[in-house]
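Visitor:
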Amino acid sequence: MVLNRNAMNNKILRLVTGRERAPEKLGIVFADLNGLKAINDSEGHNAGDCLLKEAAFILKSVFEGCEIYRAGGDEFVVVATNKPKEELEKSVEKLRKDSANPENVSFALGFYFNENGGDIRIAMHEADVLMYEDKKLHYEHR
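In terms of our numbering, the sequence shown is residues 481 to 622.
The structure is reproduced here in structure tokens:
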């Protein structure tokens with residue numbers, strides 16, 4: 481199941497206030513869906529909704545066991561707690577490779593990992609910055 485932005489905000493609040501135990505390891509992936517606006521404009525919002533559902537399905541299958549949130553619009557956030565960095569890196573690289581194929585759903589990705597848990601707000605900020613860099617590269621190379 482992909483959770484909504486409200487659930488994500490509640491998760492962050494629980495971690496920041498200490499109501500939820502901070503993870504020993506924390507990985508954050510920002511995944512921004514490329515091309516949603518073009519699909520909505522050319523094929524309609526039903527086609528865009530189908531693309532969002534497909535994107536959610538892909539994220540759930542690639543990041544199995546992680547919490548996945550739709551942060552809004554075409555942006556998703558994966559929160560991976562206590563997973564090995566190497567496992568997450570492989571998942572990110574698989575998604576990045578699959579996104580390079582124009583026949584597949586395409587994501588701009590930002591990945592941040594802290595071996596010592598750390599502040600989820602900092603982790604999210606860093607992953608977001610990296611995702612926007614990736615998005616910029618995507619549109620420069622089209």
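Ideal Cβ placement from N, Cα and C applies to all residues, glycine included.
Does A580 pass the burial test, meaning 16 or more other C-beta atoms within 10 Å, or should it be called exposed?
Guide: Exposed is the call here.
Visitor: Would a C-beta distance cut-off of 8 Å place I600 and L495 closer than the cut-off?
Guide: Yes; because the gap between Cβ atoms is below 8 Å, this pair is in contact.
Visitor: Does DSSP put N490 in a helix, in a strand, or in coil?
Guide: Helix.
Visitor: According to the Cβ coordinates, are A588 and M604 closer than 8 Å?
Guide: Their beta carbons are not under 8 Å apart, which means A588 does not touch M604 by this criterion.
Visitor: Around the Cβ of F537, are there at least 16 other Cβ atoms within 10 angstroms (buried) or fewer (exposed)?
Guide: It counts as exposed.
Visitor: Which residue spans inside the stretch 528 to 556 form an unbroken beta strand (DSSP E) run of at least 3?
Guide: Segments of the beta strand (DSSP E) lying fully in the stretch 528 to 556: 547 to 552.
Visitor: Between which two residues does the alpha helix (DSSP H) holding D521 run?
Guide: Residues 516 to 523.
Visitor: Can you name the start and end residues of the beta strand (DSSP E) that D512 belongs to?
Guide: Where D512 is concerned, the enclosing beta strand (DSSP E) stretches over 506 to 513.
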